[in-house]
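K.L.:
Residue numbers (this note's numbering): 4 to 147.
First the structure, which I've put down as C-alpha cells, then a few questions once you've had a look.
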C-alpha cells in the first residue's frame, strides 16, 4: 500500500498541470506510448493505468490524500475504516451484517480490498440515486 496523506500546494499545482496535459489524451483498447523526459525509449502504458493516473492526479489537485491498494490486498479492519473514512466499530458492524466480505485469520478479520471497493462503489451509487431522487422531488414541488 502506498499513500500520499495530503499533497503540498506545490504538489497540488503539479498534479493540476499534469492532469490538464493528460485530460484530452484518448486511449485505445490496448496501450498508449508515453515519452518520459530523459528516457531514450517510450513507455508502453496500459490504457487502464492511464485512467488510474488521471484519478490520482485529480485527487491530488483537489488536495486529497491518495492511497493505492492492490485489489488482492487484505486489509485490517482499521485500514478498511481509514479507506472508508468511518470508525473501526462501524466497519465491524458492516462485516457482521454481511455487507462486506471478509475472512478470519485466527480471531482477526481480513478484508479483501476488492470487496471493500465494491461496497464503497455500491454506497456511492445509492447515494447518487437518492440525491437525484431528492432533486427531482424538489423540482416537482417547485422548491428548486
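Cβ atoms here follow ideal geometry from the backbone N, Cα and C, with glycine treated the same way.
Taking the alpha helix (DSSP H) that residue 106 falls in, what are its first and last residues?
P.N.:
Element bounds for residue 106: not the alpha helix (DSSP H) but the beta strand (DSSP E), 106-108.
K.L.:
Using the Cα positions of residue 119 and residue 64, report the straight-line distance between them to the nearest angstrom.
P.N.:
25 Å
K.L.:
Give me the DSSP bridge partner(s) of residue 36.
P.N.:
47
K.L.:
Tell me whether residue 149 is buried or exposed, calling it buried when 16 or more other Cβ atoms sit within 10 Å of its Cβ.
P.N.:
The structure shown does not extend to residue 149, since the chain spans only 4 to 147, so no value can be given for it.
K.L.:
Per DSSP, what are the beta-bridge partners of residue 113 in this structure?
P.N.:
106
K.L.:
Which residues does DSSP list as the beta-bridge partners of residue 94?
P.N.:
Partner(s): none; residue 94 has no beta bridge.
K.L.:
With a CB to CB cut of under 6 Å and the five nearest residues on each side skipped, what residues in its chain are close to residue 59?
P.N.:
69
K.L.:
For residue 13, report the span of its alpha helix (DSSP H) as first-last.
P.N.:
12-26
K.L.:
Hey, residue 34 and residue 49 are a contact pair by Cβ (cut 8 Å); roughly how many whole angstroms apart?
P.N.:
The pair is a contact, with the Cβ atoms about 6 Å apart (cut-off 8 Å).
K.L.:
Apart from the five residues just before and just after residue 113, which ones in its own chain have a Cβ nearer than 8 Å to its Cβ?
P.N.:
77, 78, 79, 105, 106, 107
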